[in-house]
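Read the structure below first, then the notes.
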Amino acid sequence: MKQVIFLQVLLGILCCFSIFCANAEDPYRYYTWVVTYGTRAPLGVYQRVILINNQFPGPPIEAVTNDNIIVNVINQLDEPFLITWHGIKQRKASWQDGVLGTNCPIPPHSNWTYKFQLKDQIGTYMYYPSTSMHRAIGGFGAVNVNQRSVISIPYPAFAGDFTLLIGDWYKAGDKALRKRLNSGLVLPLPDGLLINGLHKSSVFTGQKGKTYRFRITNVGISTSINFRIQGHSLILVEVEGSHSLQEVYESIDIHPGQSITALVTLRGAIKDYYIVASTRFTKPILTTTGILRYQGSHTPPSLPLPIAPTYHVHWSMKQARTIRLNLTANAARPNPQGTFHYGQINIVRRLVLANAEVKINGKLRYTVNGISYVDPTTPLKLADWFNIPGVFSLNNIKDLPTSRPPALGVSVFGLTLHDFVEIVFQNTEPTIQSWHLDGSSFYVVGYGGGKWTTALKKRYNLVDAISRHTVQVYPNSWTAVLVSLDNKGMWNLRSQIWSDRFLGKQTYLRVWNDEKSLYTETDIPPNALRCGKAIHL
């Protein structure tokens, strides 16, 4: 009898445990995306663009922290294609990063399925093509990650969400732009700016007296923008997954690859108001407009447009220093961000990365510490996993700027899992730069003009610097970041000025340890494509 009771109790426990396990797994969201060419007229001239499910921009991913995302990408283009998930950390899984250093491209008229989790993330992100110059003609879209119900957000409830994908646009197609770059010519000024794929046609409607959340991303390939709304202030609340101090801005600069979230309260008269985006540091200034429409409005917006900030860099750099971390707010998981005292952690390695425009073999290229990156036919991640020789070597790029002649190469920094690293971006060019790191976010601790020296470390913000994944570097200036490399894998560090990246302004960080464990990195996916020297493995 006791044995029967014991078995019944045991079966009851196992039953409860199985129910718990069945309910414990985070939700899955499934997508099938067909990537094709199509015809659109973003600037009034019909041209070829990249569509996803016949949409331009592509369909948004609306998800919740810890959701599992399954995206089957069907490539119907005439060229190999990849999508990268900009700002999504791909915890322990650089296999899903979607760049040529980690993935074989999806061949024409075939498919590949991405599988990743939005682990411990909230915020405003995006996706876009990482191959060739495809990004210049579309294929991009929003990734909006909302908090779980058990996590509070540190700002008042809002009446609705607006997503704005703003970026520069060229009438020339991707192949024409690629040909121009390969011929040794830099890209000209863009032909215009778009908001959600439209020029002066986007309308966002809300009710007087209510507050709305604006998710704003610069999806452009070359140009910084300034964003403002006629007669309304912006309260900044989130930057690329980090809750920020809720400063009030009349306008805010957003550089290529960057995202912000701001609250806007409709306190004006019932009418239409201009939403304005204009280029920064360009001559002439390009401007596009959308419309913020109060519900019930019958009055169109009126000129003049709200004034753009000064052309000078100082205004933008001063504003950038005001964007700081909200130390009293929770992150995506219930762990106050302020408990991570990054300013008290020992730095184990410093990388000072200087960019330069050069000629190599008579052709225009861009370098990082003297090396202009060239993608090998075998992805670095596959070569690393299968120990394939001759694809790359570690630390073939110097930690500091070098005077050696510029050269083509496959540059990879070898770093250890959990290293705490200082990266200084030294911009020696007269144009603004924007840098992005896959797989991790970094603390932006300092901006300054001229050449960086160790004496400038005393200016660092070691208390509440914003944590983000993309940072601007002003002309002939420097930007310093601190990063905890807690995500094992092969990660792309690249220019978000896409023509510069196309011509070599990128490198990779190999974040590694000798432990082979699913707790630190997943195994190679069963559906991983093989190419180059790994094609028969």
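33 is the number of the first residue of the sequence shown in my numbering; add one for each residue after it.
The C-beta atom is built at its ideal place from N, Cα and C for all residues, glycine as well.
What number of angstroms, rounded off, separates the C-alpha of residue i from the C-alpha of residue j?
i    : j    : result
P222 : V442 : 30 angstroms
R382 : L447 : 11 angstroms
G471 : I120 : 7 angstroms
R260 : P338 : 7 angstroms
L396 : E282 : 40 angstroms
I84  : V380 : 43 angstroms
L75  : E389 : 31 angstroms
T460 : R299 : 45 angstroms
W347 : Q262 : 20 angstroms
R61  : V251 : 24 angstroms
N387 : W484 : 13 angstroms
V308 : S256 : 14 angstroms
N524 : G155 : 21 angstroms
V218 : N107 : 29 angstroms
T143 : L150 : Per the sequence presented here, residue 143 reads as Asn, with Thr not at that position. Answer to the nearest angstrom: the Cα atoms are 22 angstroms apart.
L572 : I377 : Within the shown structure, residues of the chain are numbered from 33 to 569, placing residue 572 beyond reach of any answer.
P220 : H373 : 44 angstroms
Y479 : S276 : 18 angstroms
T97  : V177 : 6 angstroms
According to DSSP, simplified to helix, strand and coil, what is residue i?
i    : result
I154 : coil
K147 : strand
N104 : strand
D285 : strand
K240 : coil
G446 : strand
A361 : coil
H166 : helix
F474 : strand
N214 : helix
D532 : helix
A497 : strand
Y63  : strand
Y187 : coil
A637 : Nothing about residue 637 can be reported from this structure: the residues present for the chain run from 33 to 569 only.
A439 : strand
S334 : coil
K490 : helix
G480 : strand
K395 : strand
L426 : coil
G328 : coil
Between which two residues does the alpha helix (DSSP H) harbouring residue i extend?
i    : result
V345 : V345 to R353
W467 : It is not in any alpha helix (DSSP H) - W467 instead sits in the beta strand (DSSP E) that spans Q465 to L469.
W510 : Element bounds for W510: not the alpha helix (DSSP H) but the beta strand (DSSP E), S509 to S516.
Restricting to Cα atoms, I'd like to know which of the options is closest to residue i.
i    : options                   : result
I570 : V280, N258 and L266       : Here the chain covers residues 33 to 569 and nothing more, so residue 570 does not appear.
R247 : A294, N228, G241 and F236 : A294
V81  : K207, P140, L197 and V96  : K207
I392 : G536, V280, T116 and W201 : G536
G170 : Y157, I138, S184 and V67  : V67
G273 : Y62, F474 and P59         : F474
V296 : A191, H468 and N428       : A191
G205 : Y78, Y343 and R245        : Y78
I464 : K483, V505 and P161       : V505
K240 : R325, I227 and L209       : R325
T342 : K211, S162 and T314       : T314
G521 : A415, N107, F194 and R212 : A415
Y405 : Q538, T237 and P316       : Q538
N214 : S234, I253, S181 and S164 : S164
K548 : R210, V477, L449 and I420 : L449
P433 : I101, D193 and V400       : V400
W201 : R356, S310, V280 and T195 : S310
Provide the residue span of the beta strand (DSSP E) that contains residue i, from first to last.
i    : result
N387 : R381 to I392
W117 : I115 to H118
L197 : G192 to W201
D546 : Element bounds for D546: n/a, residue is neither H nor E.
D304 : D304 to T311
W484 : Unbroken run through W484: none, as it is neither H nor E.
L412 : Per DSSP, L412 belongs to no beta strand (DSSP E); it is in the alpha helix (DSSP H), L412 to W417.
V458 : Reading off the sequence shown, one finds Gln at residue 458, where the question assumed Val. From DSSP, the beta strand (DSSP E) with Q458 extends over F452 to N459.
T293 : S291 to T297
W523 : G521 to S527
G90  : It is not in any beta strand (DSSP E) - G90 carries neither H nor E in the DSSP assignment.
Q79  : Q79 to I84
With respect to 8 angstroms, is the separation between the Cβ of residue i and the closest non-hydrogen atom of the ligand HEM below this value?
i    : result
I567 : Ligands in the displayed structure: none, and consequently the ligand HEM is not present.
Would residue i pass as an interface residue toward chain B - the criterion being a Cβ-Cβ separation below 9 angstroms?
i    : result
N393 : Chain labels in this structure do not include chain B; a single protein chain is all it has.
The segment 518-538 contacting the segment 291-305, beta-carbon criterion three pairs below 8 angstroms: Taking 8 angstroms as the limit for Cβ pairs, the verdict is that the segment 291-305 does not touch the segment 518-538.
Contact between the segment 482-498 and the segment 124-141 (3+ Cβ pairs under 8 angstroms): no
The segment 328-342 in contact with the segment 450-457 per 3-pair CB rule at 8 angstroms: Contact between the segment 328-342 and the segment 450-457 is absent: fewer than 3 CB-CB pairs across the two stretches fall below 8 angstroms.
Inter-stretch contact (C-beta, 8 angstroms, three-pair minimum) for the segment 132-147 and the segment 549-564: yes
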